[in-house]
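In UniProt numbering, the protein residues as written are 1 to 687.
A virtual CB, placed ideally from N, CA and C, is assigned to each residue, including glycine.
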Amino acid sequence: MAAAEEDPAVFTSTALPSDPRLMATVTNAYLGTRVYRDILHINGVYNGAVGDTHRADIPSPVSARMAVPDVDTLAETFTLNTRTGTFIHMVQSTDYTATHQLYAHHSLVHLMAFSITIQRSAHNTQPITVQLQTPFVPKSQDLDLNRGPDFQGAHYVYGQTLVPEVEGGPRPMVHMLWTPVPQGLTLHEEEQERSWEFLTAVAESEEEAKRSYSQGLDLIAAGSLYPSHVRAWAMLWQGCCIDLDGPLPLRQALYGCLYYLLSAIPPQGNPGFLFHGISPGGLSNGTQGEDYWGHVFWDQDTWMFPNILLFYPEAARAILEYRIRRLEGALHNAREQGYQGAKFPWESAATGQEVCPEEIYGAQEIHITGDVLMAFEQYYYTTQDQKLFREDGGWKLVGAVAQYWCSRMVWSQEEQCYHIKGVMPPDEYHQQVDNSVYTNAVAQRSLNFAADVARDFLIPVPEEWVDCAEKVKVPFDEEKKYHPEYDGYSPGELVKQADVVLLGFPLLHPMSSEVRRNDLEMYEPVTELDGPAMTWSMFAVGWLELKEVQRAQRQLNKCFSNITEPFKIWVENSDGTGAVNFLTGMGGFLQAVLFGYTGFRITRSNLCFNPAFPDDISKLNIIGVSYLGNKLKFTITREEIRIKVTTSSQDPLASPLEVVLEESGQKFPLHEGQSISFPTVTGWIQR
């Protein structure tokens, strides 16, 4: 009989990585840690002033590990099950099997838990003891922790962060309750099997911490704490899946990327949850000196957001609400630099004021402001959620960004157009350049979107917005038919990462396929080979657009050198340096499949598709695509596209959808529960 096919969503190893940074992570939207690490982090809780602000280290009671006796161990495995969001350590000896399960509860986000189960072998009648090792000490370099009275069998500490981000700024309180962890657990001779559950509750108020701990205890007593976590993950996967008939390493990479990204998003059906953004290394990282201190960059808005938006618009909205709540900080940043409107920080933490430790990036890498607005644009066109803009602060942010770009431009008498001077493009090898093509194009896009929203809301459009959008310089070499990276760029100059190629995607800047090809060919050979992991995904998307599938695959294959074993943790640079659990690279990789293989493009009036994928993939399944209140399932082969509306919006204002094929103009109405199919060609979905 053939061996059972390996599950691409379950990563099992007989050994742990030698570098502890590459351990699996267990996180939810509020709490996160690396397996066996002595600290955990809380989303939005930072300590330290300005550029020194970092995620506050909270001592972790869930860091316990089963000690393995030297004798008679038959097998030991370490597993990350991405379907259930669980890390499992299993030890089998001749006498017993011991299993340690660890998880951050996906829907009850204030809880982390682990269980130890010992099951005896048939022949054994002796007591069995499993030793536990834990590095946990209830102390922190970032909090003044105090011991409180025990509560329902739990130990209790509480304390405040030591240093606010800005003078007089908030210093959050942290309250933590945990089940004491003994040095060993014994299965007595009369017992066949037993499980022990250990609970940790963390919150910023004593009331919430105690409520969560009590709720956890009740669920444990009912035998439903872990099942409720597994159910929450099952629901998450049910609404979102990218799978394909193709190579196992590619399928594993997709499940790994989705697991780490989905671990970071707000839980479904919890609109009141205050979200504090996603940093490049996620919640498991961000200690002082590590993973950019847990700050939030364009990585969230440009690299991670589009994947989240296409599956979970509610979570995407929470990311935008995070930016809206930081608008005061962005207004402050613009004023500090002598401009009007809102300038989003290169690095954001608790206040939205600039917290980048090196001044040059905050001062010059201003494309971040346009990147933030592009996420708002993609959300608006995908959901038509006008409430976010009219009532929940979105329009104020849009207008403030447009105002910033207008104040940042200067008129060139000589060239008769607007310039943006003295910037650092996404390619950070160059600084103080004029007219970075990406920066100027994203500024133009911000202004066009702001004008579009104003017209939708019947608000008069300031003439300045229209004038600046029409007349901003977007450098182009008429002779060589390509986009120079900035004024004075010489072909052949080394580039750090994807920059000009982003004009084609995600910016959708209008250009011919000849120019798109020239940009790819100009920059591919001069882009740093060991640079940040998301770069090659964007080259892959470009080549897929041009139907050069093998060339695209060569680019995408470069990403695999950033994926580490056995838990598919990404490193920022292929030499192992930079951030770990690099969600930015994972986001780029997911986009290469989700927007590259399918050709999905979000435009003002439709969702386009134009599939292209390499020879070793025969079928692509994308489940849970959200568009205008409908959930869609796409099954794509070389011969056929099949689309099914799995659920449609209950909103009476939501229009039914139809598919339009580009060449023939044929239209197919989409009805809930029904599938339509047609030959694999270019087309779009519209109202």
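Of E639, N630, Y438, the smallest CA-CA separation from G673 is found for N630.
Counting only residues of its own chain and dropping the five nearest sequence neighbours on each side, G281 has a CB closer than 8 Å to the CB of E290, D291, Y292, G294, A579, V580, N581, F582, L583. No Cβ-Cβ contact shorter than 8 Å links I643 with L661. Counted as a single uninterrupted DSSP element, the beta strand (DSSP E) harbouring N81 occupies residues 73-81.
Shown here, Q553 sits in a helix according to DSSP, grouped into three states.
Classified as buried, S263 has 16 or more neighbouring CB atoms from the shown chains inside 10 Å of its CB.
Take the alpha-carbon of W543 and the one of V549: they are about 7 Å apart.
For I685, the uninterrupted beta strand (DSSP E) run begins and ends at 683-686, by DSSP. Counting C-beta atoms within 10 angstroms of its own C-beta, I278 has 16 or more neighbours from the protein chains shown and is therefore classed as buried.
Beyond the five residues adjoining it in sequence on each side, H110 comes within less than 8 Å, by CB distance, of Y30, L31, A201, V202, A203, E208, A209, S212 in the same chain, given in chain order. Contact between I88 and R194 does not hold, since their C-beta atoms are separated by about 17 Å, which reaches or exceeds 8 Å. Residue range 367-383 is occupied by the alpha helix (DSSP H) that includes L373. A residue is called buried when at least 16 other Cβ atoms come within 10 angstroms of its Cβ; G216 meets this threshold and is buried. Looking from the CA of P484, the closest CA among D434, G683, A363, A64 belongs to D434. Fewer than three pairs of CB atoms, one per stretch, sit closer than 8 Å, so the segment 151-158 makes no contact with the segment 230-242.
Of the candidates W536, P566, R551, E167, W536 places its Cα closest to the Cα of C559.
In the structure shown, V35 falls within a coil segment according to DSSP collapsed to helix, strand and coil.
Between the segment 381-397 and the segment 315-334 there are three or more inter-stretch CB-CB distances shorter than 8 Å, so the stretches are counted as touching. For E640, the enclosing beta strand (DSSP E) begins and ends at 640-647. In this model, A450 and V461 are separated by some 8 Å (Cα to Cα). The continuous alpha helix (DSSP H) containing Q238 extends over residues 225-238.
In this structure, Q413 is the residue among T527, Q413, D487 with its C-alpha nearest to the C-alpha of K471. Spanning the alpha carbons of V681 and P611 requires a straight line of approximately 7 Å.
Rounded to whole angstroms, D519 and P525 show a C-alpha spacing of 11 Å. Look at E470 here: in three-state DSSP terms it is helix.
Burial is judged here by how many other beta carbons sit within 10 angstroms of a residue's own beta carbon; L225 has at least 16 and is buried. Under the three-state reduction of DSSP, Q131 is assigned to strand. With contacts defined as CB atoms closer than 8 Å, I360 and M424 qualify as a contacting pair.
The beta carbon of D477 is closer than 6 Å to those of P484 in its chain, skipping five residues each way along the sequence. Closest option to G624, judged by alpha-carbon separation, among A56, L594, G599, I617: L594. When Q92, T77, S121, H175 are compared, the shortest CA-CA separation from E189 is found for S121. Out of T646, L620, S626, the CA that lies nearest to the CA of T635 is found in L620. Residue environment for G531: buried (at least 16 other C-beta atoms within 10 angstroms of its C-beta). DSSP places G159 in the strand class (E or B) of the three-state scheme. For the pair of segments examined, the segment 243-257 was found to touch the segment 7-17: the number of CB pairs separated by less than 8 Å reaches three. In this chain, the alpha helix (DSSP H) harbouring N333 covers 327-336.
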